Amino acid sequence: MPELPEVETVRRGLNQLTLNQNITGGDVLLNRTIAYPFSVDEFIQGIQGRAIMTWHRRGKYLLAELSPGAGYLGVHLRMTGQLLWLHRDEPLHKHTRVRLFFGDQQELRFVDQRTFGQMWWVPPKMPIEIVMTGLAKLAADPFAPEFTVEYLAAKLKNRRRPIKTALLDQSVVAGLGNIYADEALFKCGVLPETLCTDLQPQQIEQLRKVIIEVLETSIAAGGTTFSNFLNVKGINGNYGGVAWVYNRTGEPCRVCHNVIQRIRLAGRSSHFCPQCQS
162 MPELPEVETV RRGLNQLTLN QNITGGDVLL NRTIAYPFSV DEFIQGIQGR AIMTWHRRGK
222 YLLAELSPGA GYLGVHLRMT GQLLWLHRDE PLHKHTRVRL FFGDQQELRF VDQRTFGQMW
282 WVPPKMPIEI VMTGLAKLAA DPFAPEFTVE YLAAKLKNRR RPIKTALLDQ SVVAGLGNIY
342 ADEALFKCGV LPETLCTDLQ PQQIEQLRKV IIEVLETSIA AGGTTFSNFL NVKGINGNYG
402 GVAWVYNRTG EPCRVCHNVI QRIRLAGRSS HFCPQCQS
């Protein structure tokens with residue numbers, strides 16, 4: 162699933178390519194991709210003729226602010242979603258779910274192999290969280306001012322579960338997922354199965370710092386290409402080639418040369434170095 166750096170990479174690309182251009186129409190090829198309104202026709206009517214003013218990101222959600230008074234276009238890529246900016250003559254990928262048309266024969270295509278991705282039109286004056294209900298459950302974004310050491314410590318306090326599992330909880334940290342939780346835990350020297358209640362204050366302080374560092378590094382690399390991720394121009398991300406531990410089971414640690422190991426926690430793979438993390 163695309164995580165914060167991948168979604169942020171898409172947001173930046175969309176802001177470079179789609180702003181101040183009117184949506185001239187659209188075509189929904191898989192109705193269940195549209196989470197709101199329940200009528201596909203109403204979705205198209207709501208966004209048609211509106212210009213995209215700017216794209217925002219909240220956790221792993223994308224929000225396009227439409228021309229004044231027109232509400233928002235929301236997108237969640239889920240596991241395999243892609244937003245691609247293409248010429249309308251480009252052959253349709255068989256997993257294309259939604260097409261949004263713009264001028265100069267350009268279009269924004271939502272391609273989604275697993276079909277878990279969703280799009281919303283949030284009507285004017287309607288609270289976004291009422292329509293996109295997942296937003297109401299999100300914790301602070303790692304780049305938000307409120308994501309302080311004290312904030313993270315309060316979120317982890319009294320949680321008797323592994324820190325890796327806690328970091329995947331979007332009510333603890335918004336946008337963080339399997340890849341960057343592994344990377345952050347490596348950089349602060351904490352094993353993934355360490356209980357939140359066993360973390361020392363200095364470890365929580367360091368964890369907050371490296372979460373931000375790891376995310377910034379990945380954004381600079383255009384995210385990680387794992388199975389389906391591409392940016393809006395169809396280009397792979399480059400972070401995977403420099404990852405510290407993620408998806409490197411059996412390979413030597415880049416620091417101590419011990420073998421990277423993998424365990425399962427709450428049904429998810431966790432990668433770590435037994436020497437550097439203890």
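Numbering (the working numbering), first residue to last: 162 to 439. All C-beta atoms, glycine included, are put in the ideal place defined by N, C-alpha and C. The structure presented is a predicted model; accordingly, all values stated were derived computationally and were not measured.
In whole angstroms, what is the alpha-carbon distance linking residue i and residue j?
i, j, result
"residue 174", "residue 350", "34 angstroms"
"residue 212", "residue 224", "13 angstroms"
"residue 244", "residue 394", "9 angstroms"
"residue 306", "residue 250", "44 angstroms"
"residue 303", "residue 373", "6 angstroms"
"residue 390", "residue 316", "30 angstroms"
"residue 105", "residue 297", "Nothing can be reported for residue 105: it is not among the residues displayed for the chain, which extend from 162 to 439."
"residue 291", "residue 411", "46 angstroms"
"residue 353", "residue 346", "7 angstroms"
"residue 381", "residue 194", "30 angstroms"
"residue 183", "residue 330", "37 angstroms"
"residue 265", "residue 416", "50 angstroms"
"residue 431", "residue 414", "15 angstroms"
"residue 367", "residue 312", "13 angstroms"
"residue 209", "residue 171", "22 angstroms"
"residue 180", "residue 371", "33 angstroms"
"residue 201", "residue 338", "31 angstroms"
"residue 267", "residue 221", "25 angstroms"
"residue 322", "residue 348", "20 angstroms"
"residue 334", "residue 253", "36 angstroms"
"residue 363", "residue 263", "51 angstroms"
Cα-Cα, which of the options is closest to residue i?
i, options, result
"residue 199", "282, 298, 208 and 395", "282"
"residue 293", "201, 257, 326 and 237", "237"
"residue 408", "423, 228 and 417", "423"
"residue 429", "324, 412 and 207", "324"
"residue 376", "321, 404, 255 and 235", "404"
"residue 256", "274, 263 and 242", "274"
"residue 279", "192, 358 and 439", "192"
"residue 360", "203, 439, 341 and 392", "439"
"residue 319", "341, 358 and 215", "358"
"residue 177", "216, 163, 162 and 202", "216"
"residue 167", "222, 252, 335 and 383", "383"
"residue 214", "363, 334, 253 and 234", "234"
"residue 185", "196, 205 and 336", "205"
"residue 365", "328, 397 and 437", "328"
According to DSSP, is residue i part of a helix, a strand, or is it coil?
i, result
"residue 441", "No answer is possible for residue 441: it lies beyond the span of the chain, which begins at 162 and ends at 439."
"residue 372", "helix"
"residue 381", "helix"
"residue 196", "strand"
"residue 272", "strand"
"residue 420", "strand"
"residue 225", "strand"
"residue 241", "coil"
"residue 215", "strand"
"residue 260", "strand"
"residue 188", "strand"
"residue 411", "coil"
"residue 350", "coil"
"residue 436", "coil"
"residue 425", "strand"
"residue 267", "strand"
"residue 180", "coil"
"residue 165", "helix"
"residue 253", "coil"
"residue 360", "coil"
"residue 393", "coil"
"residue 230", "coil"
"residue 171", "helix"
"residue 403", "helix"
"residue 207", "helix"
Going by the CB atoms, is the gap between residue j and residue i shorter than 7 angstroms?
i, j, result
"residue 343", "residue 420", "no"
"residue 356", "residue 258", "no"
"residue 165", "residue 326", "no"
"residue 369", "residue 310", "yes"
"residue 271", "residue 240", "no"
"residue 285", "residue 232", "yes"
"residue 261", "residue 187", "yes"
"residue 246", "residue 227", "no"
"residue 378", "residue 401", "no"
"residue 314", "residue 308", "no"
Where are the alpha helix (DSSP H) runs, 4 residues long or more, that stay fully inside the region 271 to 335, in chain order? 289 to 292, 310 to 317 and 324 to 328
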